[in-house]
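Asks: Numbering (my numbering), first residue to last: 36 to 249. Beta carbons: idealized from backbone N, C-alpha and C, even for Gly. These figures come from a predicted structure and were not determined experimentally. Below is a structure I'd like to ask you about.
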């Protein structure tokens, strides 16, 4: 029997996903709507697969995945979302999730995806393959100029968008405060902005900062 835990704050979506998977005789499926329940469940019982919604109010899918993997480093996690994950694809890969599927998938696609991951394969949509381990992002500004944002600069931007101070960013990214300031100066220049708030707004508009912060 394959034990599966679905985590989705929309109960109807979670139950609907459960019904699709429960048609497979070897799948034992449970649904929780609160991400707060998952950590305790993961301590008490090992699941063969966690299917996690990316956008949840208490903890987003990445935060929850991080907690699960801290308890069970071998956990298989499938991110199940209707959002565009491309802005933070590499971060999810680095974390160690096993795959990504869209909530628009059919029942047959969902079942095949679950079987693939539980059999030891990773699942990456074709449209995201080109981004695998891509470190720089090229975006075009309104004036037509193309700029390149490095992976480190993107990490600094994410931390800024989360409201962290330069001191905290330096600790989180294992760099000096002076280096954080230098990266921010370079980012402001590239994005043609003069403040953190303007940088966040421009970053979201250009797709450099996802709607769901990680």
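Per DSSP, what are the beta-bridge partners of residue 181 in this structure?
Replies: Residue 181 is bridged to 175.
Asks: Is the separation between the beta-carbon of residue 58 and that of residue 138 shorter than 9 Å?
Replies: Not closer than 9 Å, so no.
Asks: Quick check: the Cα distance between residue 249 and residue 124, rounded to an integer number of angstroms?
Replies: Confidence at residue 249 is low in this model, with a pLDDT of 48, below 50, so the placement of that residue is unreliable and no value is reported for it.
Asks: Would you kindly work out how many angstroms separate the C-alpha atoms of residue 229 and residue 218, rounded to a whole number?
Replies: Cα to Cα, the separation comes out at about 13 Å.
Asks: Between the alpha carbons of residue 47 and residue 54, how many angstroms are there, rounded?
Replies: Straight-line Cα distance between these residues: approximately 10 Å.
Asks: Taking its Cβ as the centre, do 16 or more other Cβ atoms sit within 10 Å of residue 198, making it buried, or is it exposed?
Replies: Label assigned to residue 198: exposed.
Asks: Let's see if you can read the secondary structure: which residues bound the alpha helix (DSSP H) around residue 88?
Replies: No alpha helix (DSSP H) holds residue 88; the beta strand (DSSP E) holding it covers 84–88.
Asks: CB-CB under 8 Å to residue 106, same chain, minus the five flanking residues each way: which ones, in chain order?
Replies: 74, 77 and 78.
Asks: Could you compute how far the alpha carbon of residue 39 sits from the alpha carbon of residue 213?
Replies: Cα to Cα, residue 39 sits roughly 46 Å from residue 213.
Asks: Since I believe residue 83 is in contact with residue 37 (beta carbons under 8 Å), could you give me their beta-carbon distance rounded to a whole number of angstroms?
Replies: Contact holds; Cβ gap of about 5 Å.
Asks: Using the C-alpha atoms, what's the distance from residue 64 back to residue 210?
Replies: So the two alpha carbons sit approximately 43 Å from each other.
Asks: Please state whether DSSP places residue 69 in a helix, a strand or coil.
Replies: Residue state, collapsed to three classes: coil.
Asks: Look up residue 139 in the DSSP assignment and say whether it is helix, strand or coil.
Replies: Residue 139: coil per DSSP, three-state reduction.
Asks: Inspect the beta-carbon positions of residue 42 and residue 99 and report whether they are closer than 9 Å.
Replies: A contact, by the Cβ cut-off of 9 Å.
Asks: Could you tell me whether the Cβ atoms of residue 158 and residue 134 are closer together than 9 Å?
Replies: In this structure, residue 134 lies closer than 9 Å to residue 158 by Cβ.
Asks: Counting C-beta neighbours from all protein chains within 10 Å, is the total for residue 188 16 or more, i.e. buried, or is it exposed?
Replies: The residue is buried, with at least 16 neighbouring Cβ atoms inside 10 Å.
Asks: Taking the straight line between their C-alpha atoms, what separation do you get for residue 227 and residue 244?
Replies: Between residue 227 and residue 244, the C-alpha separation is close to 16 Å.
Asks: Starting from the N-terminal side, write out each stretch of the beta strand (DSSP E) that is 3 residues or longer and does not extend beyond the region 177–225.
Replies: With a minimum length of 3 residues, the continuous beta strand (DSSP E) runs that stay inside the region 177–225 are 181–184.
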